[in-house]
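*Asks:* Sharing a structure below in structure tokens format, with a few things to ask.
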Amino acid sequence: MNKIGKPNLEVFSETLLKEARKNKNIIVVTSDSRGSGKLVPFGKELPNQIIEVGIAEQNLVGVSSGLAAGGKIVFGVSPASFLTARALEQIKNDVAYSDLNVSLIGISAGISYGQLGSTHHSIHDFATLRAINNMTIVAPADNFEAAEVIKQAISYNHPLYIRYGKKPMMDIHPPGTKFKIGKSIVVKKGEDLTIVATGETLQRAYLASEILKKSNIHCSIISMHTIKPFDKETFIEFSQNSKAILTVEEHSIFGGLGECCASLIAQNNINVKLKILGIPDEYMINGSQADVLDHYDMSPEKIAEISKDLLNK
Amino acid sequence: MNEKNLKKKSLEYRKTILEIIFQSGAGHTGGSLSCIDILNVLYNSVMDISPKNFPNLDRDHFIQSKGHSVEALFTVLCDCGFYSKKDLNTLNQFNSHFIGHPTKKVPGIEHNTGALGHGLSVAVGLAICKKIDQKNNKVFSLLGDGELSEGSVWEACTTASKYNLDNLIVIVDRNDLQITGKTEDVNPIEPIDKKFKSFGFETISTNGNNISDLLYVFQHVPVKENKPTVIIAKTTKGSGVSFIENQINWHHKVPSKDEYESAISELNEKLNSYE
Chain A
27 MNKIGKPNLE VFSETLLKEA RKNKNIIVVT SDSRGSGKLV PFGKELPNQI IEVGIAEQNL
87 VGVSSGLAAG GKIVFGVSPA SFLTARALEQ IKNDVAYSDL NVSLIGISAG ISYGQLGSTH
147 HSIHDFATLR AINNMTIVAP ADNFEAAEVI KQAISYNHPL YIRYGKKPMM DIHPPGTKFK
207 IGKSIVVKKG EDLTIVATGE TLQRAYLASE ILKKSNIHCS IISMHTIKPF DKETFIEFSQ
267 NSKAILTVEE HSIFGGLGEC CASLIAQNNI NVKLKILGIP DEYMINGSQA DVLDHYDMSP
327 EKIAEISKDL LNK
Chain B
1059 MNEKNLKKKS LEYRKTILEI IFQSGAGHTG GSLSCIDILN VLYNSVMDIS PKNFPNLDRD
1119 HFIQSKGHSV EALFTVLCDC GFYSKKDLNT LNQFNSHFIG HPTKKVPGIE HNTGALGHGL
1179 SVAVGLAICK KIDQKNNKVF SLLGDGELSE GSVWEACTTA SKYNLDNLIV IVDRNDLQIT
1239 GKTEDVNPIE PIDKKFKSFG FETISTNGNN ISDLLYVFQH VPVKENKPTV IIAKTTKGSG
1299 VSFIENQINW HHKVPSKDEY ESAISELNEK LNSYE
């Protein structure tokens, strides 16, 4: 049984603190998001490496860009929802178009805010940022991915968006796993179907595969932590050799992981069944992150059931 | 550079602005002519920015937040030796980096601008960076007056004040006009000085089309230790060409051949008076 680790957000802040102790060029910018970004210890230990702009996301992104233009390695930290919607034009022009070394950290991403409702959910961030040239988008799944992406972000030298949730995550990857931005991780291989998941839905896909194993259905699981640039090579290889593809994401069914996979299947003439799981276009139901994901067919049991349907079993 | 030469340069720059807009068939004539004296004084007498020191960061910085007045900036950077006139003449041609707003693909441009209300936050970030690195360089940013309706400008002001950015010098090109009409009719922004003051800035007003006034003001900034400065530069949109001055339709009007020739001869007459 896989052990339950820490919230990815905590791993983010611990990793960043460790790196920032060694590298004084690392600067964090927050928009009254120090507490929710788990950055209180960072602020206490390295007060000269944290800039607070108040509740002003557009300003957060602009100031981050200016610091990066001056040679700093910048982490702009703000709730994913506000960061990627309200400050979208700053992300587009000041970070992406200007090609600056800014890592934008979307905290409490997806539906992590649960009962706080749709104002606080970011089920649009993959879609909006995918359409912005020169943006890289990463959604780490477990503590390992959450830490590795920060270590790589420091020398990435280009615009980067990373989204983090706040619930403890199950450890999926065994020691020795390799992580690289832009290269997916094949968690397991099976000949029946391939489940592609990103971010915090990976553990649900993984648990579904354990259920399916009991019915003698063997699936491949891919952690598609990087939404852009998309690891086309791995995806195409698996879709050519699977009976069906199931995608799972904590995002609108529009413009995210699923539609990216659909586009690759269609444009590469691959004959494989596809089902996209995500948040449908409706007034979202209210509940905790777990309850909402369950409601929209992303419980491990439901993922297993849908997988069986796809395989006509 | 002495005052007389700067005044002559301002006239030459106006000729170049009109020439490149006329030749390329597009450009923001009115706003480029209103801010050209400010850019002239900044690049030729105030800022420590040159093609030689531009690649390293140990120098002053300039962010033109009112990106649409790019023809003025391109003209000055060309004269300062960042690129040749031949390069500048590719303005608006297919595949040229010389387009209708500043991009870093053009040598000497610090940041990509064009959408209004962005530049000041970036300038604030750069100024904080200089403070962290304990460098004495200054960061200058030019804003339009119509641009002051963007809320993000005022977000940036709060941070400039919080971090005591006396190395930040903001210049407002106060030409009173924007694309629809008078700023005070479109969406009143006065009192500009009191607004900035209440956001923690020291404010100075000056004639932004008068070289001696600009030289004087820039010698006296920052006004106060630990405070960001804003210079409200009162300018005339279309300044320097009688029939373009204060005309709303010249926001991005391109001169006809007759208008172009008439403007050039008016500027040549003024230049001749210096000989």
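Quick mapping for you: the protein sequence lines, in order, are chains A and B. When we follow my numbering, the leftmost residue of the first sequence carries the number 27, and every step to the right adds one. When we follow my numbering, the leftmost residue of the second sequence carries the number 1059, and every step to the right adds one. From the three backbone atoms N, C-alpha and C, an ideal C-beta is built for every residue, glycine too.
1. Establish whether the CB of Ser-1154 (chain B) and some CB of chain D are separated by less than 8 Å.
2. Assuming Pro-67 (chain A) is part of the alpha helix (DSSP H), what are its boundary residues?
3. Answer yes if the stretch 78-97 of chain A comes into contact with the stretch 146-160 of chain A, meaning at least three C-beta pairs across the two stretches below 8 Å, and no otherwise.
4. Note down the Cα distance separating Leu-1091 (chain B) from Thr-1148 (chain B), rounded to an integer number of angstroms.
5. Given that Leu-1115 (chain B) touches chain A, what residues does it touch there, using C-beta distances under 9 Å?
6. Note down, in chain order, each residue of its chain lying with its Cβ closer than 6 Å to the Cβ of His-1119 (chain B), except the 5 sequence neighbours on either side.
7. With a threshold of 8 Å between beta-carbons, can Asn-85 (chain A) be considered close to chain B, or not?
8. Mind listing the chain B neighbours of Glu-45 (chain A)? Cutoff is C-beta to C-beta under 8 Å, in chain order.
9. To be precise: take each residue of the stretch 106-127 of chain A, compare its Cβ to all Cβ atoms of chain B, and keep it if any distance is under 7 Å. Which residues remain?
10. Mind listing which residues of the stretch 1144-1169 of chain B have their C-beta closer than 9 Å to chain A's C-betas, in chain order?
11. What residue from B:Ile-1247, B:Ser-1256, B:Asn-1225, B:Gln-1236 has the CA that sits closest to Thr-1216 (chain B)'s CA?
12. Among all the DSSP beta bridges, which residues are the ones paired with Asp-1271 (chain B)?
13. Assign Val-1094 (chain B) to one of two classes, buried (16 or more other C-beta atoms within 10 Å of its C-beta) or exposed (fewer than that).
14. Mind checking which residues open and close the alpha helix (DSSP H) that includes Phe-38 (chain A)?
15. In chain A, which residues lie with their C-beta within 8 Å of the C-beta of Lys-1188 (chain B)?
16. Could you tell me whether the stretch 115-123 of chain A touches the stretch 166-177 of chain A, where touching means 3 or more Cβ pairs closer than 8 Å?
17. Under DSSP, the alpha helix (DSSP H) around Gly-132 (chain A) begins and ends at which residues?
18. Measure from the alpha carbon of Glu-1303 (chain B) to the alpha carbon of each residue in B:Arg-1072, B:Lys-1065, B:Asp-1116, B:Ser-1219, then state which is nearest.
19. Can the beta-carbon of Lys-1066 (chain B) be found less than 8 Å from the beta-carbon of Leu-1329 (chain B)?
20. Using only CA atoms, which one of A:Asp-218, A:Pro-255, A:Thr-227 lies nearest to Lys-239 (chain A)?
21. Please identify, using Cβ separations under 7 Å, the residues of the stretch 1204-1236 of chain B that lie next to chain A, in order along the chain.
22. With respect to the alpha helix (DSSP H) encompassing Ala-292 (chain A), which residues constitute its N-terminal and C-terminal limits?
23. With a cut-off of 8 Å, does the C-beta of Ser-1123 (chain B) fall near any C-beta of chain A?
24. Using Cβ-Cβ distances below 9 Å, what residues of the stretch 64-80 of chain A are close to chain B?
25. Residues of chain A with a CB under 7 Å from the CB of His-1086 (chain B): which are they?
26. Just the C-alpha distance for Asn-28 (chain A) and Asp-197 (chain A), rounded to the nearest angstrom, thanks.
27. Just to confirm the assignment: which complete beta strand (DSSP E) runs, minimum length 3, are found wholly within the stretch 147-196 of chain A?
28. With DSSP as the reference, label Ile-1302 (chain B) as helix, strand or coil.
29. Looking only at C-alpha atoms, which of A:Phe-170, A:Ile-237, A:Val-100 sits nearest to Asn-183 (chain A)?
30. Count the CB pairs spanning the stretch 223-239 of chain A and the stretch 271-284 of chain A that are closer than 8 Å, and state whether there are at least three.
31. Along the beta strand (DSSP E) that carries Ala-223 (chain A), what are the first and last residues, could you check?
32. So, is the C-beta of Gly-102 (chain A) closer than 8 Å to a C-beta in chain B?
33. Is the beta carbon of Ile-237 (chain A) less than 8 Å from the beta carbon of Ala-330 (chain A)?
34. Using a Cβ cut-off of 8 Å (strictly closer), state whether Ser-91 (chain A) contacts chain B.
35. Give every residue of the same chain whose Cβ lies closer than 8 Å to the Cβ of Tyr-1221 (chain B), excluding the five residues on either side of it in the sequence, and list them in chain order.
36. Could you spell out the range, first to last residue, of the beta strand (DSSP E) harbouring Asn-1265 (chain B)?
*Replies:* Taking the structure as given:
1. Of the protein chains in this structure, namely A and B, none is chain D.
2. 66-71
3. no
4. So the alpha carbons of these two residues sit roughly 20 Å apart.
5. Ala-95, Gly-96, Gly-97
6. Result list for His-1119 (chain B): Glu-1168, Leu-1184, Val-1197, in chain order.
7. yes
8. Ordered by position in chain B, no residue passes the 8 Å Cβ test against Glu-45 (chain A), which lies about 17 Å from the chain.
9. Answer set for the stretch 106-127 of chain A: Glu-115, Gln-116, Asn-119, Asp-120, Tyr-123, Ser-124.
10. Thr-1161, Lys-1162, Glu-1168, His-1169
11. B:Ser-1256
12. None; Asp-1271 (chain B) has no bridge partner.
13. Sequence inspection shows Ile at residue 1094 (chain B); the Val mentioned does not correspond to that position. Classification for Ile-1094 (chain B): buried.
14. Per DSSP, the continuous alpha helix (DSSP H) segment holding Phe-38 (chain A) begins and ends at 34-48.
15. Gly-96
16. no
17. No alpha helix (DSSP H) holds Gly-132 (chain A); the beta strand (DSSP E) holding it covers 128-133.
18. B:Arg-1072
19. Yes, the pair counts as a contact, with Cβ atoms nearer than the cut-off.
20. A:Asp-218
21. Ser-1210, Glu-1213, Ala-1214, Thr-1216, Thr-1217
22. 283-293
23. no
24. Of all residues in the stretch 64-80 of chain A, Asn-74, Gln-75, Ile-77, Glu-78, Val-79, Gly-80 have a Cβ within less than 9 Å of some Cβ in chain B.
25. None at all; the shortest Cβ gap to chain A is about 18 Å.
26. Taking the straight line joining both Cα atoms gives about 6 Å.
27. 162-164, 186-189, 194-196
28. coil
29. A:Val-100
30. Counting Cβ pairs under 8 Å, three or more are found: they touch.
31. 219-223
32. no
33. Ile-237 (chain A) places its beta carbon less than 8 Å from that of Ala-330 (chain A).
34. yes
35. Val-1182, Ala-1185, Ile-1186, Lys-1189
36. For Asn-1265 (chain B), the enclosing beta strand (DSSP E) covers residues 1260-1265.
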